[in-house]
Amino acid sequence: MKKVVPVIILPLLLIVFTFGISAVSGADSNLVSSKCSGCHSLKRICRELGKKDLAGWTQNVKRMVEMGADLNAAEIAEVSKTLSNAKPEGSSFCN
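Reminder that position 37 of the sequence shown reads as 37 in the numbering used here, one-by-one numbering, no gaps.
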């Protein structure tokens, strides 16, 4: 039984790490698209992907809220998480 667990879990972890960044959920992508593109293009956001960590994106998104973006606390967290995990070549809102 102990040998079976790694055989099952290791391939699953590989799938998650391989596709996790590019497989941003449609809901997350829609939230980024709908909330962020009201003030600027998604190209601007996509140019910044991979340059900021979660703390950097959270600070950036909160600054956008101070400037008028309409996001609640849960949306700030979700958008920040999505952007911190996204890569330009794998994000549906950058294609």
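The beta-carbon is built from N, C-alpha and C at its ideal position, and this holds for glycine as well.
Checklist entry - With 16 other CB atoms within 10 Å as the buried threshold, where does S80 fall? => result Here residue 80 refers to the residue found at position 80 of the sequence shown. With 16 or more other Cβ atoms within 10 Å, it is buried.
Next on the checklist: With H, G and I counted as helix, E and B as strand and the rest as coil, what does DSSP make of A86?
Outcome noted: By 1-based counting over the sequence shown, the position of residue 86 is 86. Of the three classes helix, strand and coil, the one that applies to A86 here is coil, per DSSP.
Checklist entry - Can you tell me whether A86 is buried or exposed, with buried defined as 16 or more other CB within 10 angstroms of its CB? => result What you label residue 86 is simply residue 86 of the sequence shown in a count that begins at 1. Result: buried.
Checklist entry - Taking the alpha-carbon positions, what's the A55 to L83 distance? => result Along the sequence shown, read from residue 1 onward, the residue named residue 55 stands at position 55. Along the sequence shown, read from residue 1 onward, the residue named residue 83 stands at position 83. Looking at the two C-alpha atoms, the distance is approximately 11 Å.
Checklist entry - The alpha helix (DSSP H) spanning K43 covers which residue range? => result Indexing the sequence shown from 1 puts residue 43 at position 43. Unbroken alpha helix (DSSP H) run through K43: 42-48.
Checklist entry - If you check the beta carbons only, do S66 and L31 fall under 9 Å apart? => result Within the sequence shown, residue 66 is the residue found at index 66, counting from 1. Within the sequence shown, residue 31 is the residue found at index 31, counting from 1. What sits at residue 66 in the sequence shown is Glu, not Ser. Result no, Cβ atoms of E66 and L31 do not sit closer than 9 Å.
Checklist entry - Is I21 helix, strand or coil when you go by DSSP? => result If you number the sequence shown from 1, residue 21 lands on position 21. In this prediction, I21 has a pLDDT of 40, which is less than 50 and means its spatial position is unreliable; what the coordinates show is noted afterwards. Looking at I21 - three-state DSSP - the assignment turns out to be coil, as it is neither helix nor strand.
Next on the checklist: Taking the alpha-carbon of W57 as reference, which of S41, C36, E89 has the nearest alpha-carbon?
Outcome noted: As a first step, residue 57 must be located in the sequence shown, where it is residue number 57. For the residues S41, C36, E89, the minimum Cα distance to W57 belongs to C36.
Checklist entry - S41: buried (16+ other C-beta within 10 angstroms of its C-beta) or exposed? => result One-based indexing of the sequence shown puts residue 41 at position 41. Burial call: exposed.
Checklist entry - For S29, which residues from the same chain have a beta carbon less than 8 Å from its beta carbon, with the 5 sequence-adjacent residues on both sides left out? => result Counting from 1 along the sequence shown, the entry for residue 29 is found at position 29. Counting only Cβ-Cβ distances below 8 Å, and skipping sequence neighbours, we find T82, S91, S92, F93.
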